[in-house]
Amino acid sequence: MGGLLSGRVALVTGAGGGMGRAHAELLAERGAAVAIFDIRSEAADETARLVRQAGGTAVSYGGDVADRARVFAVAEAAARELGAIDILVNNAGIPGELATTEGTTETGFERTYAVNVKGSVFCAQAVVPGMKARRRGKIVNIASRWGQVGSDFGIDYCATKAAILGFTKSWARELAPWNINVNAVSPGGVWTEMALRERGTPEAIREVEKTVPLGRWAQPRELAYAVAFLVSPEADFMTGQVIAANGGASIVGF
């Protein structure tokens with residue numbers, strides 16, 4: 000496949016389905032070779048199969064982003080199979096316990112933090128040295144509107160997504176001298192398998208959609224367009240920014 004990302008190699012975490020699969024498919028369509036990383040090995044394999052079926056290049060790996068050793072092993076394997084990693088999409092995440100302050104357990108909080116925060120840090124640690132050596136790279140962190148505005152439930156999830164926004168700003172400053180761009184995409188509601196599990200039924204989602212200014216939740220590919228832009232040459236002068244692709248669910252002033 001040709002396109003703006005021809006010759007680039009992307010590592011996409013949590014790409015066994017939902018937004019992650021959409022990111023991987025669109026980056027491949029635009030020319031990138033894609034390494035698929037998901038805790039569900041069979042789902043990762045399926046995404047890679049779909050990419051290859053569409054004419055793209057992909058390899059797949061199973062594993063937990065909260066396992067630092069596994070993250071580094073996957074990054075090394077992807078670089079051997081596809082070439083040096085130019086793009087990292089930190090998409091892997093879990094919703095946590097969706098509980099109030101009193102209802103949040105220590106075990107649940109630790110697991111949410113391990114996946115959503117430590118997992119993103121480990122992936123960055125695994126690819127940044129190579130990006131520095133080549134003096135180029137693009138990192139996109141998938142945050143959430145709940146990390147920007149907060150919620151009266153799911154405090155562990157909100158806190159971890161706020162942490163991702165903090166890392167985005169800090170990494171953007173730290174890595175700028177090596178020409179490494181770091182940005183974030185902040186979704187609101189997205190029609191994914193995870194969202195359906197959380198909400199229970201499509202009808203429940205449609206009720207929530209009424210609160211969004213544009214009147215609906217996003218389709219996964221709509222978030223992928225934002226990611227594809229941020230990792231493309233068109234966004235070479237953007238770093239430390241947050242694209243709130245959420246239909247106006249979080250509108251802020253200047």
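Following numbering that gives the first Met the number 0, the numbering of the sequence shown begins with 0 at its first residue and continues without gaps.
Idealized CB from N, CA, C, for every residue including glycine.
- prompt: Considering only residues of the same chain and omitting the five flanking positions on each side of A243, which have a CB-CB separation below 6 Å?
  reply: Around A243: S185, S249.
- prompt: Taking Cβ positions, are K36 and V8 nearer each other than 9 Å?
  reply: Per the sequence shown, the amino acid found at residue 36 is Phe instead of Lys. Cβ distance not < 9 Å, so F36 and V8 don't count as in contact.
query: Per DSSP, what kind of secondary structure is D37 in: helix, strand or coil?
result: Looking at D37 - three-state DSSP - the assignment turns out to be strand.
query: CA-CA distance, T103 and Y112?
result: Rounded to whole angstroms, T103 to Y112 spans 12 Å at the Cα level.
query: How long is the line joining the alpha carbons of P128 and R67, rounded to whole angstroms?
result: Annotation: P128 to R67 spans about 15 Å, alpha carbon to alpha carbon.
message: Quick test of the definition: if touching needs 3 or more C-beta pairs under 8 Å, does the region 130 to 144 touch the region 160 to 180?
response: Touching, yes.
- prompt: Under 9 Å, do T46 and E24 count as touching if we go by C-beta distance?
  reply: Yes, the Cβ-Cβ distance between T46 and E24 is below 9 Å.
Buried or exposed by the 16-neighbour rule on C-beta atoms within 10 Å, applied to D235: Answer is exposed; the Cβ neighbour count stays below 16.
field: Every unbroken beta strand (DSSP E) inside the region 43 to 114 [3 residues or more]
entry: Counting whole runs of 3 or more residues, the region 43 to 114 contains the beta strand (DSSP E) stretches 56 to 61, 86 to 89.
query: Grouping DSSP H, G and I as helix and E and B as strand, with all else coil, what is I204?
result: Three-state result, I204: helix.
task: Identify whether A248 lies in helix, strand or coil by the three-state DSSP scheme.
output: Three-state DSSP puts A248 in coil, outside helix and strand.
Bridge-paired residues (DSSP) for K168: Looking at the DSSP output, K168 bridges to nothing.
task: Within the same chain, show all residues whose beta-carbon is closer than 7 Å to that of R220, passing over the 5 residues directly before and after it, in chain order.
output: Closer than 7 Å at the Cβ level, and outside the excluded window around R220, lie A21, L25.
field: alpha helix (DSSP H) segment containing V11, residue limits
entry: Annotation for V11: no alpha helix (DSSP H) segment contains it, though the beta strand (DSSP E) segment containing it runs 8 to 12.
message: For G107, tell me which candidate among V120, S119, I93, R39 has the shortest Cα-Cα distance.
response: For G107, the nearest C-alpha among the options comes from I93.
query: Does the Cβ of T210 have 16 or more other Cβ atoms within 10 Å, making it buried, or fewer, making it exposed?
result: By the neighbour-count definition (other C-beta atoms within 10 Å, threshold 16), T210 is an exposed residue.
message: Let me make sure I understand the geometry here. Which of C157, V241, L3 has the alpha-carbon closest to that of T99?
response: T99 has its Cα closest to that of C157, out of C157, V241, L3.
query: What separation, rounded to the nearest whole angstrom, lies between the Cα atoms of F121 and V241?
result: If I take the Cα positions, the gap works out to 21 Å.
query: Thinking just about the alpha-carbon of each residue, which of D44, A125, A83, A31 is nearest to the one in V70?
result: Looking at the Cα atoms, A125 is the closest of the given residues.
- prompt: So, using beta-carbon positions, are A227 and L3 closer together than 9 Å?
  reply: Yes, these two residues count as a Cβ contact at 9 Å.
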